[in-house]
Amino acid sequence: MKVLGIMSGSSMDGVDLALCDVQVSGTGCDAKIIKGITVPYNETWRVRLSQLRYQNAELFAKTDVFYGRYLGELVAAFQKETGLEVDLVASHGHTIFHQPHGWLTSQIGDGATLSAFAGLPVVSNFRRADVALGGEGAPLVAIGDEMLFNDYDFCLNLGGFCNISTLHEGRRIAFDISPCNIVLNRLAREVNQAYDKDGALAEQGSVIYPLLNALNEVPYYGKSYPKSLGREWINKNFWHLVRDFDDSPVTDRMKTLVMHIAMQVKRSISSLTDKPLEECKVLVTGGGAMNACLVDYLKSETECEIVVPDAQLVNYKEALIFALLGAMRVKNVANVLCSATGASGNHVAGSLDGDFSKLV
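In terms of the numbering used here, the sequence shown opens at residue 55 and continues consecutively.
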């Protein structure tokens with residue numbers, strides 16, 4: 055089936071839409087990107103999404119519906135402008151709350167409203183079932199890494215958060231390593247840039263070693279997997295350490311964060327493999343893969359073979375995998391691995407809205 059995967063990450067650069075050719079059968083699954091586009095958020099949406107966790111219940115409920123309508127209109131426009139047919143929409147939504155140990159995860163973008171405005175069946179709300187089963191609700195992409203990219207030793211995504219998946223002791227595991235673009239973009243906005251294009255700001259800076267040491271001592275890094283991060287965690291446990299150095303140039307703070315991310319990636323990879331690091335092949339995707347300074351630090355710190363694929367896969371890998379998860383949900387095939395999330399078992403996740411009669 056032709057599935058339009060929709061992804062909005064915590065870095066809030068925009069909405070990724072990737073139309074994918076997905077095949078789900080008894081012998082396995084396959085998925086390939088046909089066409090992907092990114093629709094940047096305007097300032098109104100960026101502010102509303104970033105501040106929604108502080109608002110009242112009525113505004114939260116309204117935004118859930120309005121954002122579902124917004125996504126539905128994007129889907130309708132995608133079909134009209136490309137002339138491509140879509141069978142199914144698989145929408146991650148936008149995460150507002152993620153506190154799995156309090157049984158809370160919330161990705162807005164009401165599926166029923168999205169379906170009504172897109173005129174298509176929709177799978178959404180992927181994470182809540184996993185949290186209900188005792189899991190972290192993240193990362194969910196591990197099953198896609200296993201099915202589509204298992205020729206790599208590690209799959210590393212440099213999105214709002216940096217997360218990793220790998221085959222370890224016979225099972226696919228995954229977890230969030232550290233904050234990534236969500237904090238780099240905050241610093242970039244201090245100099246009126248949406249993000250650090252090509253890592254140019256970080257390249258100009260010098261490492262602030264007291265800040266680097268403080269960040270590396272954050273307790274999360276000593277926790278065992280499965281584990282995941284949310285925006286709330288950054289505000290409570292991470293960002294104040296960076297703010298302690300507000301008097302330092304943005305370029306120096308940026309360089310320090312880049313080195314911190316690379317060091318934590320090395321720490322994670324080293325703990326998960328018995329192979330010499332120079333023999334490990336790492337697939338790197340997400341917006342951070344375009345940050346040349348960060349990629350260079352990953353190469354030098356880890357000594358692994360760092361593979362940055364073509365721009366289409368860099369930008370739309372997560373949307374591709376959510377398209378796969380949506381198709382698996384329709385076929386009632388388990389689409390979440392408990393080995394990655396810590397849930398009580400592998401399971402089928404995703405809420406259904408719309409008419410699925412042509413798909414089942």
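Where is the CB? At the ideal position from N, CA and C, for every residue including glycine. Just so it is clear, the structure is predicted and the values come from calculations on it, not from any experiment.
How many Å lie between residue i and residue j at the Cα?
{"i": "A130", "j": "Y263", "result": "50 Å"}
{"i": "G147", "j": "V304", "result": "31 Å"}
{"i": "V368", "j": "N267", "result": "30 Å"}
{"i": "M246", "j": "H401", "result": "According to the sequence as given, residue 246 is Asn; it is not Met. Between N246 and H401, the C-alpha separation is close to 44 Å."}
{"i": "L269", "j": "H314", "result": "7 Å"}
{"i": "G80", "j": "L378", "result": "14 Å"}
{"i": "V140", "j": "V176", "result": "11 Å"}
{"i": "W99", "j": "Q366", "result": "25 Å"}
{"i": "D364", "j": "V119", "result": "35 Å"}
{"i": "Q153", "j": "E286", "result": "8 Å"}
In chain order, what residues of the same chain have a beta carbon less than 7 Å from the beta carbon of residue i, not counting five sequence neighbours either side?
{"i": "S65", "result": "G213, G214, N235, I236, N239 and G341"}
{"i": "G396", "result": "G188, G189, E190 and P280"}
{"i": "T117", "result": "R102, L106 and I162"}
{"i": "S322", "result": "I218 and I231"}
Using 10 angstroms around the beta-carbon of residue i, count the other beta-carbons present and answer buried if the total reaches 16, otherwise exposed.
{"i": "Q77", "result": "exposed"}
{"i": "G59", "result": "buried"}
{"i": "S232", "result": "buried"}
{"i": "S278", "result": "exposed"}
{"i": "E127", "result": "exposed"}
{"i": "T220", "result": "buried"}
{"i": "R307", "result": "buried"}
{"i": "R297", "result": "exposed"}
{"i": "G276", "result": "exposed"}
{"i": "N110", "result": "exposed"}
{"i": "V195", "result": "buried"}
Under 8 Å, do residue i and residue j count as touching if we go by C-beta distance?
{"i": "Y95", "j": "G68", "result": "yes"}
{"i": "T327", "j": "D250", "result": "no"}
{"i": "R107", "j": "F151", "result": "yes"}
{"i": "C334", "j": "C358", "result": "yes"}
{"i": "S337", "j": "F203", "result": "Residue identity check: residue 337 is Leu in the sequence provided, not Ser. Result yes, Cβ atoms of L337 and F203 sit closer than 8 Å."}
{"i": "S178", "j": "S405", "result": "yes"}
{"i": "D164", "j": "A403", "result": "no"}
{"i": "A242", "j": "A394", "result": "no"}
{"i": "L265", "j": "T339", "result": "no"}
{"i": "A172", "j": "G380", "result": "no"}
Excluding the 5 residues preceding and the 5 following residue i in the sequence, name in chain order all residues of the same chain whose CB lies nearer than 6 Å to its CB.
{"i": "E200", "result": "R226"}
{"i": "A192", "result": "S282"}
{"i": "L348", "result": "G253, V312 and G342"}
{"i": "V384", "result": "L413"}
{"i": "A166", "result": "D407"}
For residue i, which residues in the same chain have their Cβ closer than 8 Å to its Cβ, ignoring the five residues on either side in sequence?
{"i": "N291", "result": "V272, P273 and Y274"}
{"i": "A316", "result": "L348, Y351, L352, S354, E355 and T356"}
Margin query: With three or more beta-carbon pairs closer than 8 Å as the criterion, would you say the segment 131-140 touches the segment 149-163?
Written below: At 8 Å Cβ cutoff, the stretches do not touch.
Does the segment 242-261 come within contact of the segment 82-91, defined as at least 3 CB pairs closer than 8 Å?
With contact defined as three or more Cβ pairs closer than 8 Å, the segment 242-261 and the segment 82-91 are not in contact.
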